[in-house]
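Position in the sequence shown (from 1) plus 1004 gives the number in this note's numbering. Yeah, the Cβ is synthetic: ideal placement off N, Cα and C, and Gly gets one too. None of these values were measured; they are calculated from a predicted model. The structure appears right after this line, and notes come after that.
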Amino acid sequence: EGHIGNRKVALLETGIGAVNTAQALTGALETLRPNFVLQTGIGGAYLTSGLDIGDIALATDENYGDLGVLTPNGWHSAEEIGIPVLRKDRDYYNRFELDSNLVSQAHITVNKINWGITAPTVISGPFVTVQQCTGVSSKGNELAARFGGICENMEGAAAAHLCALYNVPFIELRAISNRVEDRNFDTWDVTLAAYRAQKATGKIIKNIEL
């Protein structure tokens, strides 16, 4: 715990995957009662997104990419089962919308950062959370089309779910470490993505207005 600018901040390392994220974030939400949650990290860009390695994506909504029913006639969302994962003001199945005002503020803030010679492209759009990283181009293209997704990750929908449950505003930012294509580590740049995610996160924390 500490301060960034004039804002008190608690930094939480959740670990990989939805279960670790849900467990860690539940503890933080119960004990710290934050005004908002900003999840940051790296992610993979779907090929149709317009994002390249080192660019920055902001979630407009989060989607459970693995939750649903696979039938001989194809994939169906969790609504096919008929049991919502969360019932509050409405029934939630796969999709959790983020606050459009906070997303817009974050987008404007990141676009104003002085990155030096080469500035990243910043795009807002739907994210897809999976527990099996997609290392095949055709599968990535399928997920992107199914959810209108721009970015794939392994934790975001769990965090969005918990924040909806606790009525806490949620923002998610990912810097792109790789493209969702046939898996090839030679094209990845985790160092650049981590650096840009960190810098953008600090600026958002300083400037966001609730």
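Item                                                                                                                                                                                   : Value
Can you give me the start and stop residues for the alpha helix (DSSP H) that Q1202 sits inside?                                                                                       : V1194 to N1211
For K1203, which option in D1190, A1179, D1186 and I1212 has the closest C-alpha, if you only look at C-alpha atoms?                                                                   : A1179
Please work out which residues of its chain come closer than 6 Å, Cβ to Cβ, to A1164, disregarding the five sequence neighbours upstream and downstream, and give them in chain order. : E1066, F1100 and F1174
What's the gap between the Cα of V1172 and the Cα of T1138?                                                                                                                            : 30 Å
Taking DSSP's pairing of strands, which residues face W1079 in a bridge?                                                                                                               : L1074
Three-state secondary structure (DSSP) at C1155?                                                                                                                                       : strand
Work out the CA separation of A1026 and L1169 for me, nearest whole Å.                                                                                                                 : 11 Å
What does the alpha-carbon distance come out to for the pair L1216 and A1161?                                                                                                          : Residue 1216 is absent from the model: the chain starts at 1005 and stops at 1214.
With which residues is D1095 paired in a DSSP beta bridge?                                                                                                                             : R1091
Residues in its own chain within less than 7 Å of R1187 by CB, not counting five upstream and five downstream?                                                                         : G1139
Is the distance from the Cβ of T1064 to the Cβ of L1102 below 7 Å?                                                                                                                     : yes
Across which residues does DSSP place S1128 in a beta bridge pair?                                                                                                                     : L1062
Would you kindly work out how many angstroms separate the C-alpha atoms of L1214 and L1106, rounded to a whole number?                                                                 : 8 Å
State buried or exposed for V1136, treating a residue as buried only when at least 16 other CB atoms are found within 10 Å of its CB.                                                  : Correcting the residue type first, residue 1136 is Gln in the shown sequence and not Val. Answer is exposed; the Cβ neighbour count stays below 16.
Can you name, in chain order, every residue of its own chain whose Cβ lies under 6 Å from the Cβ of T991, other than the five neighbours on each side?                                 : Since the displayed the chain opens at 1005 and closes at 1214, residue 991 lies outside it and no answer follows.
Using 8 Å as the threshold, is the region 1107 to 1123 in touch with the region 1195 to 1212, meaning 3 or more CB pairs across them?                                                  : yes
Specify the secondary structure class of N1115 as computed by DSSP and reduced to three states.                                                                                        : helix
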